[in-house]
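A.B. asks: Under my numbering, the letters of the sequence shown match residues 17 to 325, in that order.
C-beta atoms are modelled at their ideal positions from N, C-alpha and C, and glycine is treated no differently.
All figures in this text were calculated on a predicted structure; none of them were measured in a lab.
The following block contains the structure, expressed as structure tokens.
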Amino acid sequence: MTLPATRWVIRNPDLPRSADDVLAALLANRGLDRASLACRPEELEAASRSIRNLDAAAGRTARAVQEGERIVLVGDYDCDGLTSVAQLAGFLRALGFRDFAALTPASRADGYGMPLDAARKHPDARLFIVFDSGTFDVAAVEAARARGADVIVIDHHEISDAASLAPATHLVNPRHPDCPSPFKDFATAGLTLLFLDRLGRALPERGMRAGPDEDALALAAVGTLADMMPLRGANRAIVALGLEALNRGRQPALQALRAVAGLAGRRLTPGHIGFQIAPRLNAAARVAEARIALDLLLAEEPNEIDRLP
Numbered sequence: 017m018t019l020p021a022t023r024w025v026i027r028n029p030d031l032p033r034s035a036d037d038v039l040a041a042l043l044a045n046r047g048l049d050r051a052s053l054a055c056r057p058e059e060l061e062a063a064s065r066s067i068r069n070l071d072a073a074a075g076r077t078a079r080a081v082q083e084g085e086r087i088v089l090v091g092d093y094d095c096d097g098l099t100s101v102a103q104l105a106g107f108l109r110a111l112g113f114r115d116f117a118a119l120t121p122a123s124r125a126d127g128y129g130m131p132l133d134a135a136r137k138h139p140d141a142r143l144f145i146v147f148d149s150g151t152f153d154v155a156a157v158e159a160a161r162a163r164g165a166d167v168i169v170i171d172h173h174e175i176s177d178a179a180s181l182a183p184a185t186h187l188v189n190p191r192h193p194d195c196p197s198p199f200k201d202f203a204t205a206g207l208t209l210l211f212l213d214r215l216g217r218a219l220p221e222r223g224m225r226a227g228p229d230e231d232a233l234a235l236a237a238v239g240t241l242a243d244m245m246p247l248r249g250a251n252r253a254i255v256a257l258g259l260e261a262l263n264r265g266r267q268p269a270l271q272a273l274r275a276v277a278g279l280a281g282r283r284l285t286p287g288h289i290g291f292q293i294a295p296r297l298n299a300a301a302r303v304a305e306a307r308i309a310l311d312l313l314l315a316e317e318p319n320e321i322d323r324l325p
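In structure tokens form, the structure reads like this:
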């Protein structure tokens with residue numbers, strides 16, 4: 017095979033003399049600098065304050081918890097959606113709140129987004145929280161609202177036509193034209209992590225401290241890497257902190273996947289997540305049912321995982 021004649025333009029043509037020189041050249045060729053490699057956890061707090069509707073969504077969810085309302089969590093069938101559902105499920109369990117259901121489309125064949133029959137199948141639900149979809153799910157959201165339920169959508173997909181948005185009670189999407197957040201490149205799993213921080217602040221009487229827990233951090237990192245979001249700004253902090261949590265080894269499902277992938281005892285990197293762990297979660301919807309992956313992520317103990325198909 018003959019390669020086409022190509023003239024390579026290197027921004028820093030000086031030959032590298034050290035590893036630092038190589039790093040500087042790589043960064044320069046990507047339009048970055050060393051400051052962009054810094055992990056700044058404080059960026060998470062700053063981001064959570066600037067995302068449109070995040071506090072309103074947390075307030076509505078806090079009210080549902082306080083008043084014992086039935087909550088239904090709806091996640092897309094990919095890794096980002098599933099890890100988002102698992103984060104909130106774990107948070108609710110930590111509160112001692114168990115009156116919730118979690119669902120996802122069975123597979124790609126069932127379509128993308130909030131299932132049309134979700135409201136009919138859960139007539140007692142007073143709050144639906146939709147992750148990684150829902151922005152344009154007009155019919156499904158209308159059906160839930162018509163039954164008297166509120167709908168929160170936490171999503172990160174592009175909004176090309178604001179006039180076509182579903183009538184969610186609260187839409188959390190940094191790509192909304194009215195969202196003042198300067199950082200737009202979150203995965204839904206990252207947005208969910210910020211949402212949990214605001215939710216914890218809205219529930220002080222439950223003893224929830226501000227800031228994400230280890231399991232949520234690990235899940236947010238997996239979802240962010242699986243969706244191949246740019247590792248800068250708040251995303252860099254999410255992944256760095258999440259990998260630390262994952263390497264400390266608490267979240268049962270992720271530790272089980274780690275073992276199956278032959279990574280037990282090894283320090284995990286973004287490459288391990290992107291190429292060995294996340295694809296195993298995404299495979300469920302492609303070859304069987306996404307529910308398998310969701311049940312895995314929702315498992316609270318290793319023996320629950322052992323009983324899964």
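Grab me the residues of Leu108's own chain with a C-beta within less than 8 Å of its C-beta, minus the 5 sequence neighbours each way, in chain order.
C.D. replies: If we look at Leu108 and ignore the five residues flanking it on each side, its Cβ neighbours are Val81, Ile87, Arg114, Phe116.
A.B. asks: Taking the alpha carbon of Arg282 as the point to measure from, which residue in Leu259, Val303, Pro131, Phe202 has its own alpha carbon closest?
C.D. replies: Arg282 has its Cα closest to that of Leu259, out of Leu259, Val303, Pro131, Phe202.
A.B. asks: Quick check: the Cα distance between Phe211 and Asp71, rounded to an integer number of angstroms?
C.D. replies: The alpha-carbon atoms of Phe211 and Asp71 are separated by roughly 8 Å.
A.B. asks: Hey, is the region 159 to 177 in contact with the region 138 to 148, meaning 3+ C-beta pairs nearer than 8 Å?
C.D. replies: Contact holds: three or more Cβ-Cβ distances are below 8 Å.
A.B. asks: Whole angstroms is fine: what's the gap from Tyr345's alpha carbon to Gly91's?
C.D. replies: The chain is shown from 17 up to 325; residue 345 falls before or after that span and cannot be answered.
A.B. asks: Taking only three categories from DSSP, how would you classify Val88?
C.D. replies: It is a strand residue.
A.B. asks: According to the neighbour-count rule (16 or more other Cβ atoms, all chains shown, within 10 Å of its Cβ), is Val25 buried or exposed?
C.D. replies: It counts as exposed.
A.B. asks: Can you look up Val167 in the DSSP assignment and give me helix, strand or coil?
C.D. replies: Note: Val167 maps to strand in three-state DSSP.
A.B. asks: Tell me the rounded alpha-carbon separation between Ser180 and Phe202.
C.D. replies: Looking at the two C-alpha atoms, the distance is approximately 22 Å.
A.B. asks: Quick one, which of Leu241, Ala102, Gly290 has its alpha-carbon nearest Thr120's?
C.D. replies: Among Leu241, Ala102, Gly290, the Cα nearest to that of Thr120 belongs to Ala102.
A.B. asks: Going straight from the alpha carbon of Asn263 to that of Arg136, what length do you get?
C.D. replies: So the two alpha carbons sit approximately 41 Å from each other.
A.B. asks: Would you call the region 286 to 297 and the region 236 to 251 in contact, with 3 or more CB pairs under 8 Å?
C.D. replies: The region 286 to 297 vs the region 236 to 251: in contact.
A.B. asks: CB Ala118 to CB Leu310, shorter than 8 Å?
C.D. replies: Cβ distance < 8 Å, so Ala118 and Leu310 count as in contact.
A.B. asks: Give me the Cα-Cα distance between Ala275 and Leu284, rounded to the nearest whole angstrom.
C.D. replies: The alpha-carbon atoms of Ala275 and Leu284 are separated by roughly 12 Å.
A.B. asks: Ala117 lies in the alpha helix (DSSP H); which residues open and close that run?
C.D. replies: Where Ala117 is concerned, there is no enclosing alpha helix (DSSP H), although the beta strand (DSSP E) it sits in stretches over 116 to 119.
A.B. asks: Can you have a look at Ser34 and say buried or exposed, based on whether 16 or more other CB atoms are within 10 angstroms of its CB?
C.D. replies: Exposed, because fewer than 16 other Cβ atoms sit within 10 Å of the Cβ of Ser34.
A.B. asks: Have a look at Val188, Arg163, Thr77, Ala306 and flag the residue whose alpha-carbon is nearest the alpha-carbon of Gly150.
C.D. replies: Comparing Cα-Cα distances from Gly150 to each of Val188, Arg163, Thr77, Ala306, the minimum goes to Val188.
A.B. asks: Starting from Ile293 and walking both ways along the alpha helix (DSSP H), at which residues does that stretch end?
C.D. replies: Counting along the chain, Ile293 falls outside any alpha helix (DSSP H), and DSSP gives it neither H nor E.
A.B. asks: Suppose the cutoff is 7 Å on Cβ atoms and the five residues either side in sequence are ignored; what does the same chain contact list for Leu247 look like?
C.D. replies: Result list for Leu247: Val255, in chain order.
A.B. asks: Using CA atoms only, rank isn't needed, just tell me which of Pro198, Leu111, His192, Gly265 is closest to Glu230.
C.D. replies: Of the candidates Pro198, Leu111, His192, Gly265, the one whose C-alpha sits nearest the C-alpha of Glu230 is Gly265.
A.B. asks: Where does Leu111 fall in DSSP's three states?
C.D. replies: Of the three classes helix, strand and coil, the one that applies to Leu111 here is helix, per DSSP.
A.B. asks: Can you check DSSP and say which residues form a bridge with Ile145?
C.D. replies: Note: Ile145 sits in a beta bridge opposite Leu89, Ile168.
A.B. asks: Which partner residues of Val255 appear in the DSSP bridge assignment?
C.D. replies: DSSP output for Val255 lists no bridge partner at all.
A.B. asks: Which term fits Gly112, buried or exposed, when burial requires 16 or more other beta carbons within 10 angstroms of its beta carbon?
C.D. replies: That one is exposed.
A.B. asks: Roughly how many angstroms lie between the CA atoms of Ala130 and Asp153, to the nearest whole one?
C.D. replies: Reading the sequence as shown, one finds Met at residue 130 and not Ala. Rounded to the nearest angstrom, the two C-alpha atoms are 6 Å apart.
A.B. asks: Quick check on Glu85: buried or exposed, where buried means 16 or more other Cβ atoms within 10 Å of its Cβ?
C.D. replies: Buried.
A.B. asks: With distance defined between alpha-carbon atoms, name the residue in Pro57, Asn69, Asn251 nearest to Cys195.
C.D. replies: Residue Asn69 is the option with its Cα nearest to Cys195.
A.B. asks: To the nearest angstrom, how far is it from the Cα of Pro193 to the Cα of Asn319?
C.D. replies: For Pro193 and Asn319, the distance between alpha carbons rounds to 46 Å.
A.B. asks: As a quick exercise: from Ala74, Arg191, Asp96, Arg76, pick the residue whose alpha carbon is nearest that of Ala299.
C.D. replies: The shortest C-alpha separation from Ala299 is found at Asp96.
A.B. asks: Using the Cα positions of Ala272 and Ile321, report the straight-line distance between them to the nearest angstrom.
C.D. replies: Straight-line Cα distance between these residues: approximately 8 Å.
A.B. asks: According to DSSP, simplified to helix, strand and coil, what is Leu336?
C.D. replies: Missing from the structure shown is residue 336; the chain here goes from 17 to 325 and no further.
A.B. asks: For the alpha helix (DSSP H) containing Arg282, list its first residue and its last residue.
C.D. replies: No alpha helix (DSSP H) holds Arg282; DSSP gives it neither H nor E.
A.B. asks: Are Leu89 and Ala253 close, meaning C-beta to C-beta below 8 Å?
C.D. replies: Not closer than 8 Å, so no.
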